[in-house]
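Note sheet for the following structure.
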Amino acid sequence: MSEPDRFGAVGLRRAVLQSWETSPTRFREDANAEEDLRLGGYRERLLVELAQNAADAAGSDGVLSVQLVGDELRVANTGAPLTAEGVAALASLRASAKRDGASVGRFGVGFAAVLAVSEEPSVLSTSGGVAFSAERTRQAAAQLPGPAEELSRREGAVPVLRLPWEVDGAPPEGFTTEVRLPLRPGVDAAALLDSCTDQVPGLLLALPALSEIRIGRQTWRRVDEDTDRVVVHGPSRSDRWLVHRASGALSQSVLAGLGAESRSTAQWQVTWAVPLDSEGVPIPLAEDVLHSPTPTEERLSLPARLLAGVPVEADRRRAAASPATDEVLTFAAECYPALVDKLPSEHRTALVPLPGFPLSDVDDKLRQGVNDRLRVSAWLPGAGDKPVAPLEARALEYVSPELVELLDDVVPGLLDPQLSDARHRRSLHALEVRRLGAAEIVEAVTGLGREPSWWYRLYDALAPFEEADPQAHEEFTALPVPLADGRTVSGVRDVLLSQPESDLDPAALLSTLDISGLRIAHPDATHPLLEKLGAHPAGPAELLDAPPLAEAVRSSVSDALAGVDVRPLAEAVLKLVEESRSRDWLGALALPDDQGDFRRADELLLPEAALLSVIDTEHLGEGAPLSVLDEQVAQRWPTELLTSIGVLDGFGVHVEDDPVEADERFPDSHQWWAEQEADRPEAWPPARFVGIRDLDLIADDAWPEAISLLTRDPETLRALREPHGYSAWWIARCALIEGHPPRHWRLPGADELAGVYDPVPDIDLDAEALRLAGVRAELRIDDGDDAEDLLERLGDPDRAIRAGTALRAHQALSEAVAAGVVDPSELDPPEMVRSVSGAVVSTGRAVVLDEPWMLGVMDAPLVVAGGSPDQFDAEALAELLDLPLASEENTLRVPDPGRTQRWAEVARVASSCELLGIEVPDGEITLHDKLRVQASTGEHQVHWWVENNGKVHTERTPDGLARALAWATGSWSQRFALAALLADPEATTLLR
Numbered sequence: 005m006s007e008p009d010r011f012g013a014v015g016l017r018r019a020v021l022q023s024w025e026t027s028p029t030r031f032r033e034d035a036n037a038e039e040d041l042r043l044g045g046y047r048e049r050l051l052v053e054l055a056q057n058a059a060d061a062a063g064s065d066g067v068l069s070v071q072l073v074g075d076e077l078r079v080a081n082t083g084a085p086l087t088a089e090g091v092a093a094l095a096s097l098r099a100s101a102k103r104d105g106a107s108v109g110r111f112g113v114g115f116a117a118v119l120a121v122s123e124e125p126s127v128l129s130t131s132g133g134v135a136f137s138a139e140r141t142r143q144a145a146a147q148l149p150g151p152a153e154e155l156s157r158r159e160g161a162v163p164v165l166r167l168p169w170e171v172d173g174a175p176p177e178g179f180t181t182e183v184r185l186p187l188r189p190g191v192d193a194a195a196l197l198d199s200c201t202d203q204v205p206g207l208l209l210a211l212p213a214l215s216e217i218r219i220g221r222q223t224w225r226r227v228d229e230d231t232d233r234v235v236v237h238g239p240s241r242s243d244r245w246l247v248h249r250a251s252g253a254l255s256q257s258v259l260a261g262l263g264a265e266s267r268s269t270a271q272w273q274v275t276w277a278v279p280l281d282s283e284g285v286p287i288p289l290a291e292d293v294l295h296s297p298t299p300t301e302e303r304l305s306l307p308a309r310l311l312a313g314v315p316v317e318a319d320r321r322r323a324a325a326s327p328a329t330d331e332v333l334t335f336a337a338e339c340y341p342a343l344v345d346k347l348p349s350e351h352r353t354a355l356v357p358l359p360g361f362p363l364s365d366v367d368d369k370l371r372q373g374v375n376d377r378l379r380v381s382a383w384l385p386g387a388g389d390k391p392v393a394p395l396e397a398r399a400l401e402y403v404s405p406e407l408v409e410l411l412d413d414v415v416p417g418l419l420d421p422q423l424s425d426a427r428h429r430r431s432l433h434a435l436e437v438r439r440l441g442a443a444e445i446v447e448a449v450t451g452l453g454r455e456p457s458w459w460y461r462l463y464d465a466l467a468p469f470e471e472a473d474p475q476a477h478e479e480f481t482a483l484p485v486p487l488a489d490g491r492t493v494s495g496v497r498d499v500l501l502s503q504p505e506s507d508l509d510p511a512a513l514l515s516t517l518d519i520s521g522l523r524i525a526h527p528d529a530t531h532p533l534l535e536k537l538g539a540h541p542a543g544p545a546e547l548l549d550a551p552p553l554a555e556a557v558r559s560s561v562s563d564a565l566a567g568v569d570v571r572p573l574a575e576a577v578l579k580l581v582e583e584s585r586s587r588d589w590l591g592a593l594a595l596p597d598d599q600g601d602f603r604r605a606d607e608l609l610l611p612e613a614a615l616l617s618v619i620d621t622e623h624l625g626e627g628a629p630l631s632v633l634d635e636q637v638a639q640r641w642p643t644e645l646l647t648s649i650g651v652l653d654g655f656g657v658h659v660e661d662d663p664v665e666a667d668e669r670f671p672d673s674h675q676w677w678a679e680q681e682a683d684r685p686e687a688w689p690p691a692r693f694v695g696i697r698d699l700d701l702i703a704d705d706a707w708p709e710a711i712s713l714l715t716r717d718p719e720t721l722r723a724l725r726e727p728h729g730y731s732a733w734w735i736a737r738c739a740l741i742e743g744h745p746p747r748h749w750r751l752p753g754a755d756e757l758a759g760v761y762d763p764v765p766d767i768d769l770d771a772e773a774l775r776l777a778g779v780r781a782e783l784r785i786d787d788g789d790d791a792e793d794l795l796e797r798l799g800d801p802d803r804a805i806r807a808g809t810a811l812r813a814h815q816a817l818s819e820a821v822a823a824g825v826v827d828p829s830e831l832d833p834p835e836m837v838r839s840v841s842g843a844v845v846s847t848g849r850a851v852v853l854d855e856p857w858m859l860g861v862m863d864a865p866l867v868v869a870g871g872s873p874d875q876f877d878a879e880a881l882a883e884l885l886d887l888p889l890a891s892e893e894n895t896l897r898v899p900d901p902g903r904t905q906r907w908a909e910v911a912r913v914a915s916s917c918e919l920l921g922i923e924v925p926d927g928e929i930t931l932h933d934k935l936r937v938q939a940s941t942g943e944h945q946v947h948w949w950v951e952n953n954g955k956v957h958t959e960r961t962p963d964g965l966a967r968a969l970a971w972a973t974g975s976w977s978q979r980f981a982l983a984a985l986l987a988d989p990e991a992t993t994l995l996r
C-alpha cells in the first residue's frame, strides 16, 4: 500500500537522500549541524521551543498541554494545524515557515530541542502527522555508498530531523497538534516534568499568545487584568506582573547587518515586566536574564524583566552583537520610564537600577541606557503632584510633609516628602538627585519675603531635625528671621525673642522704635527653635544687654538735640530697668530737665535731691554740668529706679576696673595718678579706680554739709575709705572748711600736732567724718605740698610748737625726703627754721645736727633737729632746709691727749655691758678728767667727743662715758641705761 503524501514527505526525503548520495559531505554537514543544535544551542530548551511553536500556532488564547504517557512525553497545543510548509520547516536546519514578524521563532531550528530527550519524535495534527526516526534514517543512509561509509565512522549517529515520514494518528480532543516524544533511555521523566513546571509562569508571561499551560494534572492560566497587568494563576500561587509593551520599526541603517529573512521583519517589540505582590507593591528582581522573548543566557541585573525581540545568535542563547541589537536595547531603555511611571509614586524608586558591576555586556548597555533615561524623564512625584525629572529634582534630607508644603513654591523640582525616607536614598543617589540638607534649606529660604506665620511654620517643621542632627543645628543658626519692625535678617544668634504671653512684652515695646541693629523677632514668628539656635528671650535683662540698645541710649541726647523724639525710648528703657536691673551705660539715657531740655540721666538731679543743697547754683541749668529732672518724670517713676540709672539724689560714685590711665572726667586726677605711681610703682596701675563725682561743683561754703552727705551715704563712704583713693585725696586738698582745705586743720584730739596745725572749727561733724575728709589726725607727709606747708608752719614764730613736736616733725621731713616722697629740688627752702630749743631762727645762722657730740660746742637755738643716723637722716633734712651739717665745722680739736685704755679695762664697762646684753667694744677710749674741745670761737667743755679719725674721748663721768660707750657699741638708745649702770653697776639699777 502506498504511503499517503499529504505534506510532501516523500519528496522531502528523496531530495535529502539525493543530496547525501550526490555529496556525502552534505550528509556529514547535516549530521554535525543537528548534533551541534542537540548538544549545544537547544540543550535544555525543550518546553521553551515547543511553547514558542504553540504560541505561533495559536496566535492568541493558545493552550499547551504536557503529559507523560508511559515512556512517552506528549506536548499538545491548540491553534493552526500542521501544514506542508511546516513539515518542510521541521525537516530543514535553516529554513523556517515563520516569515511573519509576529512569530516568535526565527530560524525553524527550535524543533531540534526534542532530540535532547527523543530519537523518534512525531507530530500529529488534525491535518495529518509526520514522524522522524533515527533508526529509519540510519537504514536509509546505509543504502547510500557515501553516507554508509560516513555512518560507520559516526558510530550510527545520523541527522534525525532531515527525513520525515507521514504517520497516522490524531491529537487529543480539543487540540490541533501534538508532539510525541518517546524518551531516550536514561531520561528522568519526573525530573523532566519538574523542569517544565518551573518554566511555565515565565513562558506564559513571555508568550502572550498562550493563555494556559498544563503540566500533568497542574494548570497555569494567564489573565490580562488590563493592558498593564498580567496575572499567572498556578496550582499553588498566583504571579502578578506589571508590564509595559512597546513596538516599532528598526531603522534602515541597522538592517544592513541582518540576514535577508531578518531584514524582512524589521519590527522590534519590547515588554518590560516587574512582579508585584498581592498589594500591588513591586518586587524588584535581583538578577534575571534577557528574554527574547523566551529566556536567553544574557544575565541582567535590572529590577524588571526585559522581553525584547533582539537579534540572537543561532543557538538563541546570546544576543547577537549587531547595530540592530543596540537599537532594540536603546528602544528598551527609552521605554523603561513608562513602566516606572505606572507604579504608585511611593514605589517607583524600587525600579531604579542601583550601582553595581554589570553581569554582561548587554546588562552594561541596558543599565547605562535605563539610568540615563530615568534621569531625564519626568516620573518622580513632585511636591505639587507634578512629575519631576531626577536631574531637576531636589529631595529633602528629612521626611517632613509640612516642610515640603512650605518649600513647594520655593525650591523648584522639590519631591514628594515620602521620597525623603531612607529606603529611597540609594535609588535617588543613583539618579544623581540633589539632596536638600540643612545648609541648602537655609540657602533656599534666604532672601524670601514671607509672612511671620509662614516662618513660624518653617521653624516648627525644622525643629525635629535640629534636635536629632548636631550638624543641622549649626547650619540652622543662619536661618532668616522676620523682625517686628518688618525687616527679615539672616542669622539667629543675635535675635531677641518677644514674649507676647507676659504682662510686659519688652520686645513689643522696643519693636516700634527705630533702633539700628536691634533685632527683635516678630511675635508671630517666635518659635522655641530660635532660642535653641542661639536667639535670646527678649526679657528685660536680655534687651538691656543688647549692644544696639546701649548704642541707642548713648546717642539719645545727640538725637534729641537733632530733633528726634526720644521720649518713647526713655519710656521703654525705664520699663525694662523696672523689671530688671540697671546697667552702667544707662547714665547716658536722655531725660527732660525742668527747662524742657534733654540731658543725660547722670547729669540730672532729682527735684528733691539732697545734693541740691550743696551744689553751687552756677553749676545748675542750661550750659552747666548739672540740671534738675523734669518734675513729671520724677513723679512718674520710682526714685530708686531713677537713681539706679544715674539720676542724682546724692553724690554718684564711678568705679572702673583695671584702669590704665587717669580719668580726665575727675579734676586733678592726673596729679593724683602721678603721685600714687611714684609712691607705689610696684602696685600701679591699681586694680580699680573709685571716684566720687561732682565734688568740684560744691559751693565753697557748703562743704561741711557735703562732707556730712558723703559720710552718711554707704556708697560714698566706701569710696572715701578706698586705700590711696582719689576721692579722699581730692577732698583733703580742695574742699574748704572755714576757707581752708581740710588738711589745713587737725582733729581736736590730735594733741601731737598742737601748735603745728590748728584744731578744726566746730562744723558739726564727728571725728571720723573729719578724718575721712582729710583733717589731720597724725603727723604725715604725703607729698611736696605737705612738706612745704609743714616747713612754713615750723618757721612761723607766732606758733607755739613744743620741742618734741618740732623734733618729730623734722624727723618726718627727713624720712619723706629719704623715701622719695618729697623732692627737695621741687621746693623752695624756708627762710626761717625752728631749732631744738624751740626758737625760730634764720636759715643763714642755723645748722643741722648730724653728730650728737657736736651739740656740746653748738648754741642750741641755732641747731635744727639732729641726732644719730639711726634716728633720722640728717643729710636729707639738711638738703631739704638748704642748711649745712654741724659736722662740716673742720676747726674742732681736742688739745689734751688724755689717757687711752681699752674699753674692757675701763672700770664698770664690762659689767654694765653684760647687764644690758651688749658686747664690749674691742677698741680704745681716751679718758679725760675734764674734756675740752678747741674751736675757732674758743674752748668748749664737753662730756664726750669723737674726732674725725674716729678716736673717742670722754670725761671720767658716768654721763660722758655712757654716751661714748653707747656710740662705740651702736647702742645709742641705751645711753641713759648705761649711765645709770656705770654709776651703780647692779642689776637692781635696771629695776628701779
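When we follow the numbering used here, the leftmost residue of the sequence shown carries the number 5, and every step to the right adds one.
Backbone N, C-alpha and C define an ideal beta-carbon position, used for all residues, glycine too.
query                                                                                                                                                                    : result
For R999, does the three-state DSSP call read helix, strand or coil?                                                                                                     : Here the chain covers residues 5 to 996 and nothing more, so residue 999 does not appear.
Within the same chain, show all residues whose beta-carbon is closer than 8 Å to that of L500, passing over the 5 residues directly before and after it, in chain order. : A511, L522, R523, I524, A525, A539, H540, P541, A542, E546, L547, A550
In the structure shown, what three-state DSSP assignment does P486 receive?                                                                                              : strand
Which residues does DSSP list as the beta-bridge partners of F693?                                                                                                       : E660
Please say whether R379 and L306 have beta carbons closer to each other than 8 Å?                                                                                        : no
Whole angstroms are fine: how far does the CA of A146 sit from the CA of L155?                                                                                           : 7 Å
Hey, R2 and S631: beta-carbon distance below 8 Å or not?                                                                                                                 : The requested residue 2 is not part of the displayed model; the chain covers only 5 to 996.
Thinking C-alpha only, which one of A382, E124, A213, W677 is nearest P189?                                                                                              : E124
Can you give me the C-alpha to C-alpha distance between L889 and H728, rounded to a whole angstrom?                                                                      : 35 Å
Quick check on T223: does DSSP put it in helix, strand or coil?                                                                                                          : strand
Just the Cα atoms here: how many angstroms apart are D662 and R692?                                                                                                      : 5 Å
Please classify D802: does DSSP put it in a helix, a strand, or coil?                                                                                                    : coil
Note down, in chain order, each residue of its chain lying with its Cβ closer than 6 Å to the Cβ of E830, except the 5 sequence neighbours on either side.               : G788
Please report the straight-line C-alpha distance between S268 and L209, rounded to a whole angstrom.                                                                     : With a pLDDT of 49 at S268, under the threshold of 50, the modelled position of this residue cannot be trusted; read the value that follows with caution. Cα-Cα distance, rounded: 26 Å.
Which stretch, first to last residue, makes up the alpha helix (DSSP H) that contains V449?                                                                              : 442-449
Would you list the residues sitting across from S631 in a DSSP beta bridge?                                                                                              : L608
Just checking, does the region 159-178 make contact with the region 33-45 on the three C-beta pairs under 8 Å criterion?                                                 : yes
What are the residues that DSSP puts in a beta bridge with Y761?                                                                                                         : A758
With H, G and I counted as helix, E and B as strand and the rest as coil, what does DSSP make of W245?                                                                   : strand
Where are the alpha helix (DSSP H) runs, 4 residues long or more, that stay fully inside the region 529-594, in chain order?                                             : 532-536, 544-548, 551-558, 560-565, 571-583
Closer than 7 Å by C-beta to V108: which residues in its own chain qualify, once you throw out the five before and the five after it? Chain order, please.               : Its pLDDT being 43, under 50, V108 is placed unreliably by the model, and the measurement read from it follows with that caveat. Closer than 7 Å at Cβ, skipping near neighbours: Q56, A59, D60, L211, P297.
Identify which residue in S326, L128, A80, W245 has its Cα closest to the Cα of L254.                                                                                    : S326
Which partner residues of D253 appear in the DSSP bridge assignment?                                                                                                     : The sequence as given places Ala at residue 253; Asp does not occur at that position. Bridge partners of A253: Q271.
Could you compute how far the alpha carbon of L853 sits from the alpha carbon of T992?                                                                                   : 35 Å
Throw me the rounded Cβ distance for the V236 and L294 pair, which I believe falls under 8 Å.                                                                            : Not confirmed; about 20 Å, so no contact.
Buried or exposed for S839, please, with buried defined as at least 16 other CB atoms from any protein chain shown within 10 angstroms of its CB.                        : buried
Can the beta-carbon of P286 be found less than 8 Å from the beta-carbon of L246?                                                                                         : yes
What separation, rounded to the nearest whole angstrom, lies between the Cα atoms of R461 and L410?                                                                      : 8 Å
Which runs of the alpha helix (DSSP H), 4 residues or longer, sit entirely within the region 406-442?                                                                    : 429-434
So E742 and V694 are supposed to be a Cβ contact under 8 Å. How far apart are they, rounded?                                                                             : Actually they do not touch by this definition, with Cβ atoms about 28 Å apart.
By the three-class DSSP mapping on this structure, what secondary structure does L514 have?                                                                              : helix
Taking just the CA atoms, how far does L794 sit from M858?                                                                                                               : 26 Å
Output the distance between the C-alpha atoms of V227 and G238, rounded to the nearest integer angstrom.                                                                 : 11 Å
Of the residues A576, H477, P474, which one's Cα is nearest the Cα of I519?                                                                                              : A576
Does the region 922-930 touch the region 952-966, meaning 3 or more C-beta pairs lie closer than 8 Å?                                                                    : yes
What are the boundary residues of the beta strand (DSSP E) that includes W4?                                                                                             : Here the chain covers residues 5 to 996 and nothing more, so residue 4 does not appear.
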